[in-house]
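Working notes, structure below.
Numbering (our numbering), first residue to last: 1 to 102.
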């Protein structure tokens, strides 16, 4: 579509997207680590993050996807357990709500 300028536009957009994604996930992760382990855990997290960024950029892509999928599954487990444990409460509250509004 844009033979001369198109490549530069796509490359610039990709760099901006990559940078903002890394920045966003670092802030999100830092806040999660701070909530779970306290304010003293921020510096070790930042050091690990600085090491992880170049490793992630240079490692084998299939390995990176494997790690990302595994860590996402581990984040989902506590939520799924909570859903199972709280489902009786949700069913009771839903039943009570619809019974009272009839």
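For glycine and all other residues, C-beta sits at the position ideal for the given N, C-alpha and C. Predicted, not measured: the structure shown is a model, and the values here were computed from it.
In this structure residue 26 is not in contact with residue 33, their Cβ atoms being roughly 10 Å apart against a cut-off of 8 Å. Judged by DSSP secondary structure, residue 61 falls within the alpha helix (DSSP H) whose first and last residues are 61 to 100. A straight line joining the alpha-carbon of residue 11 with that of residue 37 spans about 38 Å. A distance of 8 Å or more separates the beta carbons of residue 24 and residue 45.
Per DSSP, the unbroken alpha helix (DSSP H) holding residue 23 starts and ends at 6 to 37.
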